[in-house]
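Chemist:
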Amino acid sequence: MAAIEIQASAELGEGPVWDDITEKLYWIDIVGKTVHRFDPLSGNQEHWTLDQMVGCIVPMDDDKLVCALQDQLVMLNTLSGETQHLVPVESALPDNRCNDGKADAAGRLWVGTLHLPGENGHASLYRIDNKLAVVKQQDRLNMSNGLGWSPDNSIMYLNDTPNREVFQFDFSLTDGEISNRQLIFQFDESQGSPDGMCVDAEGMIWIAFYGGRSVRRFDPVSRKQLAEVSVAAENVTCCCFGGKNMDTLYITTARQGMNEEQLKEFPGSGSVFSVKPGVQGIRSNRFVM
654 MAAIEIQASA ELGEGPVWDD ITEKLYWIDI VGKTVHRFDP LSGNQEHWTL DQMVGCIVPM
714 DDDKLVCALQ DQLVMLNTLS GETQHLVPVE SALPDNRCND GKADAAGRLW VGTLHLPGEN
774 GHASLYRIDN KLAVVKQQDR LNMSNGLGWS PDNSIMYLND TPNREVFQFD FSLTDGEISN
834 RQLIFQFDES QGSPDGMCVD AEGMIWIAFY GGRSVRRFDP VSRKQLAEVS VAAENVTCCC
894 FGGKNMDTLY ITTARQGMNE EQLKEFPGSG SVFSVKPGVQ GIRSNRFVM
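Just so you know, we're using our numbering here: the sequence shown kicks off at 654 and counts up by one.
Right under this line is the structure:
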């Protein structure tokens, strides 16, 4: 079972990412419009509050992060705290916001969106290159979530949360094109909804289940569940590997929408949890601009 690593009360804790250069963990509170940084060695914590909800963050070089806000990408300088607007994303769709995103091994950024009122079919997935060209790669999604790549970068994974679906695509690292979309997992309501994900060094995928109180490990080839990590929170949102040896799984959770009785049962909701699951992860890619 995972233990609390960072005691917090995030409304929608999300998007953990390990910076292997500084050996610190970044994570966000989407609703709180906040980027957090945690040093597991010293226990020191820092945070930056931005102007809009933060869908995801991806490290760059030189103490900078690219942050996907509601309708734009900005660059956050963690030394000065200043932000710089980079490019709009779905700025003509005020009912949408940026959601989960990551960089691929070539340094391109991938960012998904969701529809705030919750209607299906309004979300998309975008690829952003080093010249900040925003290219739509998938549309008519319900909520683009949980990106990941196989260790050899030949496959990309995507979660569509409301339908509880996990897809894989053939992925070309050379040009960033995706093809051959396949449904590899379909979960039922009792299992929770697949939210964020990460991939370990053995090519297995770890999925956080919103409403499922757990992170589970799956083999995308055999399509079987291999392991489950219980989390003392109803809504488990995302996970990433980190630590000096990339063998710690960090897990974010949310407390939004929970009533007093639920919060009493799961007082750690909104905290960041951790566990050593016995496997190593893959280092996070950086956005190159």
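Quick reminder that beta carbons are idealized off the backbone N, C-alpha and C, glycines included.
In this text the structure is predicted, and so the values were computed from the model without any measurement.
(1) List the DSSP bridge partners of PRO741.
(2) Output the residue ranges of the beta strand (DSSP E) runs that lie fully inside the segment 798-846 and measure 3 residues or longer, sorted by chain position.
(3) Please state the DSSP three-state secondary structure of GLU914.
(4) May I ask which residues mark the beginning and end of the beta strand (DSSP E) holding HIS768?
(5) Helix or strand or just coil, what does DSSP make of ILE935?
(6) I need the DSSP call for ARG866, collapsed to helix, strand or coil.
(7) Does the distance from the CB of SER883 to the CB of ALA661 come in under 8 Å?
(8) So what does DSSP say about ASP748, is it helix, strand or coil?
(9) By DSSP's criteria, GLY895 is part of a beta bridge. Which residues make up the other side?
(10) Hey, quick one: how far does the beta strand (DSSP E) through GLN790 stretch, first residue to last?
(11) Here's the rule: buried if 16 or more other CB atoms are within 10 angstroms of the residue's CB, otherwise exposed. What is HIS700?
(12) Taking one C-beta from the segment 717-728 and one from the segment 899-910 each time, how about it: are there three or more such pairs within less than 8 Å?
(13) So what's ASP673 in DSSP terms, helix, strand or just coil?
(14) Given ASP672, which residues of its chain have a CB within under 6 Å of its CB, disregarding the five upstream and five downstream residues?
(15) Using three-state DSSP, classify THR731 as helix, strand or coil.
(16) Just confirm the distance between the C-beta atoms of GLY849 and ASP753, as a whole number of angstroms; I'd bet it's less than 8 Å.
(17) When the Cα atoms are used, what is the spatial distance from GLY921 to LEU769?
Modeler: Taking the definition as stated:
(1) In the sequence shown, residue 741 corresponds to position 88, counting from 1. According to DSSP, PRO741 bridges with GLN725.
(2) 808-813, 818-824, 831-839
(3) Here residue 914 refers to the residue found at position 261 when the sequence shown is read from its first residue. Here GLU914 sits in helix by DSSP.
(4) The residue given as residue 768 occupies position 115 in the sequence shown. Counting along the chain, the beta strand (DSSP E) containing HIS768 begins and ends at 762-768.
(5) Mapped onto the sequence shown, residue 935 falls at position 282. Reduced to three states, the DSSP call for ILE935 is coil.
(6) Along the sequence shown, one-based indexing puts residue 866 at 213. ARG866 falls in the coil class under three-state DSSP.
(7) Stepping through the sequence shown from its first residue, residue 883 is reached at position 230. Stepping through the sequence shown from its first residue, residue 661 is reached at position 8. For SER883 and ALA661, no; Cβs fall outside 8 Å.
(8) Mapped onto the sequence shown, residue 748 falls at position 95. Note: ASP748 maps to coil in three-state DSSP.
(9) Numbered from its first residue, the sequence shown carries residue 895 at position 242. Paired residue(s): THR901.
(10) By one-based count along the sequence shown, residue 790 stands at place 137. Note, GLN790: beta strand (DSSP E), 787-794.
(11) Reading the sequence shown from its first residue, position 47 is the one you call residue 700. It counts as exposed.
(12) no
(13) Position 20 of the sequence shown, counted from the start, is the residue given in the question as residue 673. Of the three classes helix, strand and coil, the one that applies to ASP673 here is coil, per DSSP.
(14) Along the sequence shown, read from residue 1 onward, the residue named residue 672 stands at position 19. Contacts found: PRO712.
(15) Reading the sequence shown from its first residue, position 78 is the one you call residue 731. THR731 falls in the coil class under three-state DSSP.
(16) Translated into the one-based positions of the sequence shown, residue 849 becomes position 196. Translated into the one-based positions of the sequence shown, residue 753 becomes position 100. Contact flag correct, Cβ pair sits at about 6 Å.
(17) For the purposes of this step, residue 921 is identified with residue 268 of the sequence shown, where counting begins at 1. For the purposes of this step, residue 769 is identified with residue 116 of the sequence shown, where counting begins at 1. GLY921 and LEU769: Cα-Cα distance of roughly 26 Å.
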